[in-house]
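Just so you know, my numbering puts 297 at position 20 of the sequence shown, and the rest follows in order with no gaps.
Even for Gly, the Cβ is constructed at its ideal location relative to N, Cα and C.
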Amino acid sequence: MDEIVACHHRKRRVASYLYLYDEGWDYVEAYSPRLLESVILKPGEKEHLIQDLERFRASRPRYRRLGVPYHRGYLLYGPPGTGKTSLVSAVRSKIRYVDLCLST
278 MDEIVACHHR KRRVASYLYL YDEGWDYVEA YSPRLLESVI LKPGEKEHLI QDLERFRASR
338 PRYRRLGVPY HRGYLLYGPP GTGKTSLVSA VRSKIRYVDL CLST
């Protein structure tokens, strides 16, 4: 039984969850994240984003030492349907770190 519970907890840590805001936060059932390779951007943009996130993850001790909040934000812009949600989902799936919350 302990092995099953441990497996479930490991799975929860790497799963992606999608919440949409429309007069309150709603969980989207059966959400499957995109693969980063399936998101099309200009050459080098995905790699630059992943490198930046990895550099940020490694900087936690510096933030603590300086006494500033450990936080990183990105502003994705563009009309609906241009891949913003897909990119965030794919990055989250790739590095298992980014929390995914979207507003409609």
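Going by C-alpha distance, which of the options is nearest residue i?
| i | options | result |
| --- | --- | --- |
| L330 | Y296, M278, K361 and H348 | H348 |
| L248 | P346, S370, T362 and K371 | The structure shown has nothing for residue 248, since the chain only spans 278 to 381. |
| K319 | G360, R337 and R332 | G360 |
| Y354 | V345, V365 and P346 | V365 |
| H325 | V368, G301 and P338 | V368 |
| Y351 | D299, F333 and E280 | F333 |
| I372 | A335, L343 and V345 | A335 |
Quick one: grab the DSSP three-state call for residue i.
| i | result |
| --- | --- |
| Y296 | strand |
| Y304 | strand |
| H325 | helix |
What does a CB cutoff of less than 6 Å around residue i pick up in its chain, not counting 5 residues either side in sequence?
| i | result |
| --- | --- |
| Y340 | Y347 |
| G301 | none |
Whole angstroms are fine: how far does the CA of residue j sit from the CA of residue i?
| i | j | result |
| --- | --- | --- |
| P357 | K323 | 20 Å |
| V305 | L295 | 6 Å |
Beta-carbon within less than 8 Å of residue i's beta-carbon, same chain only, minus the 5 sequence neighbours each way: which residues are those?
| i | result |
| --- | --- |
| V316 | K323, G360, S363, L364 and A367 |
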